[in-house]
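Residue numbering for the sequence shown is 1168 to 1424, as defined by our numbering. Virtual Cβ for every residue (Gly too), placed ideally from N, Cα, C. Step one of this worksheet: look at the structure below.
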Amino acid sequence: MSPTSFDLQGKLALVTGSSRGIGAAMARGLAEAGASLVIHGRDRVRAEAAAAELAASFGTDRVHAVAFDVTDPAEVSQGVAELIERAGAPDILINNAGLQHRVPLLDLEYADWERVIKTDLSSLFLIGRELAKPMIARGSGKIINIGSVQSELARPTIAAYTAAKGGVRNLTKAMAAEWARHGIQVNSLAPGYIHTEMTQNLVDDEAFNSWVVGRTPAARWGTVQDLVGPAVWLASEASNFVNGQTIFIDGGMTAVV
Ligand code: NDP
């Protein structure tokens, strides 16, 4: 294998939901591997602040910021058109923006079910469809959909999230089925329990925290840094014959009962 096959120099990456958390860490990792970045969030101020922080390390010419709500089809079309005009068509898309909503299934309001499905599943279709077009025209591209251990395993109180993340796994296969022949590799990274803002309340909950540590063979929470190497690999030439796969980055959680 070429020692330069993880090199992302000259590539442009859009990481959705990269204003914080796992997305911000993956964006920095791609930049360290040489890529230019489009930082994204719903909150423009937060996205611009995250982009400025990255630009301080990698230069303003390599870092752009966009803000749009991934659940709104019109905003997605407009946001993607705006970013292509400003920065060019991305070579790499990481569909990472997501949210969680914890409530027992019998108490789950339809509006909340729909909000989670739209954010964690439908948005991947909307943004993937927009960005696959220029990738197909170019004959190359990398799409990484962020799943979860809930792409495989259920747990009480997170039914909508489990349904959405299970859908991410199969949507990844469906995208690969249609787009692999055009030189696009579509795969999913499925994180285990990672310490971020989304999970801070769980880290603070003593019972939940000891369940995570006990249930994970690696006996710890994941860190956002644990996602960086796998993301760089799937964004690079090193993964050119990997298609439609879901790779669990979970300290072994889905490997054991
Ligand atoms: P955070 O809550 O820390 O960050 C979420 C990011 O997504 C923010 O940048 C946020 O932007 C953005 N976002 C959320 N909703 C929207 C929206 N409607 N439109 C645009 N942007 C939006 O999340 P994490 O870093 O923890 O999670 C990132 C991904 O990883 C998610 O898909 C999550 O499901 C997945 N994951 C996380 C795990 C964990 O343990 N943390 C475990 C397994 C999977 P803004 O602030 O502007 O709203």
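Item: Classification of GLU1297 by the beta-carbon crowding that lies within 10 angstroms, buried from 16 upward; Value: buried
Item: Start-to-end residues for the beta strand (DSSP E) that takes in THR1413; Value: 1413-1416
Item: Residue from GLN1176, GLU1215, ALA1264 and GLN1367 whose Cα sits closest to the Cα of GLY1196; Value: GLN1176
Item: Rounded separation between ASN1337 and ALA1422 - CA only; Value: 19 Å
Item: Length at least 3, wholly inside the region 1213-1252: the beta strand (DSSP E) runs in chain order; Value: 1230-1234
Item: Cβ-Cβ separation, ALA1330 to LEU1275 (assumed contact under 8 Å), whole Å; Value: That pair is no contact at about 11 Å.
Item: Beta bridge counterpart(s) of LEU1260 as assigned by DSSP; Value: LEU1181 and ILE1310
Item: Min CB distance ILE1313 to chain C below 7 Å; Value: Looking for chain C here will not work: only one protein chain is present.
Item: Beta-bridge partners of HIS1268, as assigned by DSSP; Value: None; HIS1268 has no bridge partner.
Item: Proximity below 7 Å, CB of ARG1213 to CB of SER1186; Value: yes
Item: Inter-residue Cα distance where the pair is SER1406 and ALA1241; Value: 33 Å
Item: Rounded Cβ spacing between LEU1293 and VAL1243 (contact assumed at less than 8 Å); Value: 5 Å
Item: Ligand 1 heavy atom lying under 6 Å from the CB of GLY1246; Value: no
Item: Opening and closing residue of the beta strand (DSSP E) in which ALA1405 lies; Value: Element bounds for ALA1405: n/a, residue is neither H nor E.
Item: Helix, strand or coil at ILE1325 according to DSSP, with G and I counted as helix; Value: coil
Item: C-alpha distance - ASN1368 paired with PRO1323, whole-angstrom precision; Value: 17 Å
Item: For ALA1264 and VAL1217, the rounded distance between their alpha carbons; Value: The question names Val, but residue 1217 in the sequence shown is Ala. Roughly 15 Å between the two C-alpha positions.
Item: Cβ-Cβ distance between ASP1174 and GLY1208 below 7 Å; Value: no
Item: C-alpha distance - ILE1313 paired with PRO1358, whole-angstrom precision; Value: 8 Å
Item: beta-carbon SER1355 near ligand 1 non-hydrogen atom, thresh 6 Å; Value: no
Item: Residues bridged to ASN1337 [DSSP beta-bridge criterion]; Value: Per DSSP, none; premise fails for ASN1337.
Item: ARG1209 CB to nearest heavy atom of ligand 1 below 6 Å; Value: yes
Item: Proximity test, ASN1263 beta-carbon vs ligand 1 heavy atom, cut-off 6 Å; Value: yes
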